[in-house]
């Protein structure tokens, strides 16, 4: 049996060289988790997918926290260039679908949305959850007041208390949240 030929169930097998190239790309860019466990391409794609799901449901953290959370997508962009072409071709539809969902549930920064490069860093969730109704001069909730432009009308803010916010966090995300 050819190890790189698709199986009847639609599975694709990578060669040993492709596996090593994927692991080397991830090690080069993303290193290890805080636990010391090495990161994997699958784990980074899963992390990106979980973040997008959280954004779709209503993001309950601050702008700086979102910037930190988007690190998984930035790592994927850096890793992608280092992957063997066949691996990129196999995994591209999955990444494209997650990206499409993120784009659909976010709003571009005014005047900067069409810029090339790390486009995901210049988008804001359409649904924000905030602990308090207190807002900034630009209409953003607390934690988003670092935004230098007025809150777009299409951004919806839902106010909830800390207990509701904590309960809405998807398992696996924000494992250290108190």
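Numbering (the working numbering), first residue to last: 452 to 629. Cβ atoms here follow ideal geometry from the backbone N, Cα and C, with glycine treated the same way.
Original post:
Skipping 5 residues on each side, what residues in its chain have a beta carbon closer than 7 Å to that of residue 529?
Top reply: In the chain shown, the residue the question calls residue 529 occupies position 78. If you ignore the 5 residues before and after residue 529, its C-beta comes within less than 7 Å of the C-beta of 480, all in its own chain and listed in chain order.
**OP:** Ignore the nearest five residues each way along the sequence and tell me which others in residue 560's own chain have a CB closer than 8 Å to its CB.
**Re:** The count along the chain shown starts at 1 and reaches residue 560 at position 109. The beta carbon of residue 560 sits closer than 8 Å to those of 573, 574, 575 and 600, all from its chain and outside the five residues before and after it, given in chain order.
**OP:** Rounded to whole angstroms, what's the CA-CA distance from residue 478 to residue 516? Just pull it up for me.
**Re:** If you number the chain shown from 1, residue 478 lands on position 27. If you number the chain shown from 1, residue 516 lands on position 65. Distance between the alpha carbons of residue 478 and residue 516: 24 Å.
**OP:** Measure the beta-carbon distance from residue 552 to residue 509 and round it to whole angstroms, keeping in mind my assumption that it falls under 8 Å.
**Re:** Here residue 552 refers to the residue found at position 101 of the chain shown. Here residue 509 refers to the residue found at position 58 of the chain shown. About 14 Å; that fails the 8 Å criterion.
Original post:
Between which two residues does the beta strand (DSSP E) containing residue 576 stretch?
Top reply: The count along the chain shown starts at 1 and reaches residue 576 at position 125. For residue 576, the enclosing beta strand (DSSP E) has its first and last residue at 574-576.
**OP:** Measure the alpha-carbon distance for residue 590 versus residue 610 and round it to whole angstroms.
**Re:** Taking the chain shown and counting its residues from 1, the one referred to as residue 590 is at position 139. Taking the chain shown and counting its residues from 1, the one referred to as residue 610 is at position 159. Spanning the two alpha carbons is a distance of roughly 13 Å.
Subject >> Span separating the alpha-carbon of residue 471 from that of residue 464 >> reply: Translated into positions along the chain shown, residue 471 becomes position 20. Translated into positions along the chain shown, residue 464 becomes position 13. Between the alpha carbons of residue 471 and residue 464 lies a gap of roughly 13 Å.
Subject >> residue 593 versus residue 511 - alpha carbon distance >> reply: For the purposes of this step, residue 593 is taken as residue 142 along the chain shown, with counting starting at 1. For the purposes of this step, residue 511 is taken as residue 60 along the chain shown, with counting starting at 1. Straight-line Cα distance between these residues: approximately 11 Å.
Original post:
Sorted by chain position, which residues of the same chain lie with C-beta nearer than 8 Å to residue 556's C-beta, five sequence neighbours on each side aside?
Top reply: One-based indexing of the chain shown puts residue 556 at position 105. Excluding its 5 nearest sequence neighbours in each direction, residue 556 has C-beta neighbours in its own chain below 8 Å: 503, 506, 507, 576, 577 and 578, listed in chain order.
**OP:** Output the distance between the C-alpha atoms of residue 568 and residue 521, rounded to the nearest integer angstrom.
**Re:** By one-based count along the chain shown, residue 568 stands at place 117. By one-based count along the chain shown, residue 521 stands at place 70. Approximately 14 Å, taken between the alpha carbons.
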